[in-house]
Amino acid sequence: MTSAHNHTHDKPVYKGWTGSGAVDLAKDQLVEKEFEVKPWDEDDVEVKVLYCGVCGTDIMALEGLEGPAPPNSICGHEIIGQVVKVGSKVENNLKVGQHVGIGYESDSCRECDACLRGQEQACANMTRTFFSKFRRGNGTGAPSQGGFAKYWRGPSKFAIPIPDGVDLSVAGPLMCGGVTMYSPLKRWNVGPGKRVGIIGVGGLGHMGVLFAKAMGAEVTAISRSGSKKEDAEKLGADRYIATGDDIGKAFKEYGRYFDMVICTSNPKSFPIQDYLPILNVEGVFCFIGLIVNPITTSIFPLIERNLIITASAVGSPSVIAEMFNFVKEKQIKPWVQKFDMDDINRALTSFKKGDPRYRYVLVNTDNGGEL
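Under the UniProt record's numbering, the first residue of the sequence shown is numbered 1, with each subsequent residue one higher.
(1) Assuming G172 and V361 form a contact by the criterion Cβ under 8 Å, report the distance between their Cβ atoms to the nearest whole angstrom.
(2) Could you tell me the alpha carbon to alpha carbon distance between S3 and Y151, rounded to whole angstroms?
(3) Indicate the three-state DSSP secondary structure (helix, strand or coil) for Y358 in the structure shown.
(4) What residue range does the alpha helix (DSSP H) around Q273 cover?
(5) Assign V363 to one of three DSSP states: helix, strand, or coil.
(6) Work out the CA separation of V209 and G216 for me, nearest whole Å.
(7) Just verifying my parser: in three-state terms, what is the DSSP assignment at T127?
(8) Taking Cβ positions, are I74 and P317 nearer each other than 7 Å?
(9) Leaving aside the five residues before and after N293 along the sequence, list all residues of the same chain whose C-beta is less than 7 Å from its C-beta, in chain order.
(10) Which one of I199, F211, L174 has the shortest CA to CA distance from K186?
(11) According to DSSP, simplified to helix, strand and coil, what is L371?
(12) CA-CA distance, residue 415 and D366?
(13) For the alpha helix (DSSP H) containing L50, name the first residue and the last one.
(14) Write down the C-beta distance between G200 and C286 rounded to the nearest angstrom, noting that I regard them as a contact closer than 8 Å.
(15) From K95 to N125, what does the alpha carbon distance come to, in whole angstroms?
(16) Could you have a look at C115 and say whether DSSP puts it in helix, strand or coil?
(17) Can you have a look at F300 and say buried or exposed, based on whether 16 or more other CB atoms are within 10 angstroms of its CB?
(18) Taking the CB atoms as reference points, tell me whether Y358 and G203 lie closer together than 7 Å.
(19) Quick check: the Cα distance between G236 and L307, rounded to an integer number of angstroms?
(20) Return the residue from the list A321, D274, T296 that minimises the CA-CA distance to D164.
(21) Return the chain-ordered list of same chain residues with a C-beta closer than 8 Å to the C-beta of D28, the five sequence neighbours on each side being excluded.
(22) Tell me the rounded alpha-carbon separation between L30 and A149.
(23) Can you check the segment 181 to 217 for any beta strand (DSSP E) of at least 3 residues that lies completely inside it and give the ranges in chain order?
(24) Counting along the chain, where does the beta strand (DSSP E) carrying L279 start and finish?
(25) According to the Cβ coordinates, are A22 and A61 closer than 7 Å?
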C-alpha cells in the first residue's frame, strides 16, 4: 500500500476508496485509488487512519443525494487515528504518536460570530470532512478528503485528542453520531431526576440511551415495534414504548411525562402533534433525524406548557473533547461491528440494507487497527 511517507512531506500521495460520481451501492463498487491531499499548512497534522466509522451521511453523499459527487472524492468522517506529523503551529498540543478523532468538520473560518462563540460546527464557511473545500492558507480551494483511506491531513484544531482509556476500536461513531446525541443532552441539562425519551433505537438512538443513562436520567426507548426492546434494556433503558399504529393509546400513561424527547428517526413526515402531549412543562422536543417534509402543529400546547421544539447536529471541537472525557469516565462503548477497510463494499451494501446493530467501523489492519 502507498504510504504518506513514500513521497515528499509537502504533497504526499494518499490512497483511499472512491466512486466515479454517484454510485448505486446495491451494484456499484468503490475502488481504491491514489488521491491528492491538501497542501501542507503549519497548523496541520497528518494522521494514520486506524478506524473509520460508517454514517448514513456517507451513503447519501456517495449515492449523489446531496448533489454530484466530486471526482476521486473520499467519504468517511468518523476517523480514529494516530498522529504521524505535526506542523510548527499545531493546536490542541498534539504530538506525534498521539491518538485523535476527526469528525464531520475539518475546518471553519475562525472569524465569524459562530466560531468566536465556540460553535464552529455552525460556521457558514465550515469545511466538511468530505465533499467540501478548504478555505484558508495554502490549502485554499483544495478538496477535503475523508477517512475511507490510509491517511488523513487537515487542520489540527479539528483533530481531537482521545484520552487514554477510551476503546479506540469503537470510538469512531462517537465523532459524528455520538456527539450529535451528547450535545443536546448536555445543552438541555439532562441529569438525575430528568426523564428522557429516545425515539428510534438505531445507530444514533442506541448511543442516546447510553449517554442519557450515564448522565443519570430515567431513559425510555420509543420505537414502532417491540423488536428492539431486549436491546434497549441491555443498553440501559428503564422503559420501552412500542407505539404501533395507535400512538394515542401507546402514550396514554405518559401525559406530561418527559422533560426531553429526542427524535433520531427520519421518516419523510413526522406527526409532532401526537408527541407534544407527553412533554412536561418546559419540555424539549429535539429533532436529530432528517425529516424531509415540514412539521406542523398548533401553537397552543407550546404556549400552554412553555414547550420548546428544537434540533441539533454534531458538535464543536470543545464539545467533542468534553464528550471524550465523559466517555472515559463512564466507559461508554457504542455497539459496533467491524469490517476490514478492504471489505468496504460489503460493509456499505450491508449498511444500506439496515443490517448494523448498531454502527459499522472500517479497520485499517495494515496500519495497526484491530478487527
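Here a beta-carbon is modelled for each residue, glycine too, at the ideal position from N, C-alpha and C.
Reading it off the structure:
(1) Indeed, because the Cβ distance is near 5 Å, the residues count as touching under 8 Å.
(2) Confidence at S3 is low in this model, with a pLDDT of 39, below 50, so the placement of that residue is unreliable and no value is reported for it.
(3) Y358 falls in the coil class under three-state DSSP.
(4) Taken as a continuous stretch (DSSP letters only), the alpha helix (DSSP H) holding Q273 covers 272 to 275.
(5) Strand, per DSSP.
(6) If I take the Cα positions, the gap works out to 11 Å.
(7) It is a strand residue.
(8) Against a cut-off of 7 Å, the Cβ pair of P317 and I74 comes out as no contact.
(9) Here the set comprises K268, S269.
(10) Out of I199, F211, L174, F211 has the C-alpha closest to the C-alpha of K186.
(11) DSSP places L371 in coil when its eight states are reduced to three.
(12) Nothing can be reported for residue 415: it is not among the residues displayed for the chain, which extend from 1 to 371.
(13) Here L50 belongs to no alpha helix (DSSP H); instead the beta strand (DSSP E) covers 44 to 54.
(14) Actually they do not touch by this definition, with Cβ atoms about 12 Å apart.
(15) Rounded to whole angstroms, K95 to N125 spans 28 Å at the Cα level.
(16) Of the three classes helix, strand and coil, the one that applies to C115 here is helix, per DSSP.
(17) By the neighbour-count criterion, in which a residue is buried when 16 or more other Cβ atoms sit within 10 angstroms of its Cβ, F300 is exposed.
(18) Yes, the pair counts as a contact, with Cβ atoms nearer than the cut-off.
(19) Cα to Cα, the separation comes out at about 27 Å.
(20) Each of A321, D274, T296 was checked against the Cα of D164, and the nearest Cα belongs to A321.
(21) Only G19 meet the Cβ criterion.
(22) Taking the straight line joining both Cα atoms gives about 12 Å.
(23) As far as the segment 181 to 217 is concerned, its whole beta strand (DSSP E) runs of at least 3 residues are 195 to 199.
(24) Run containing L279: 279 to 287, per the beta strand (DSSP E) assignment.
(25) Judged by their CB atoms, A22 and A61 are not nearer to each other than the 7 Å cut-off.
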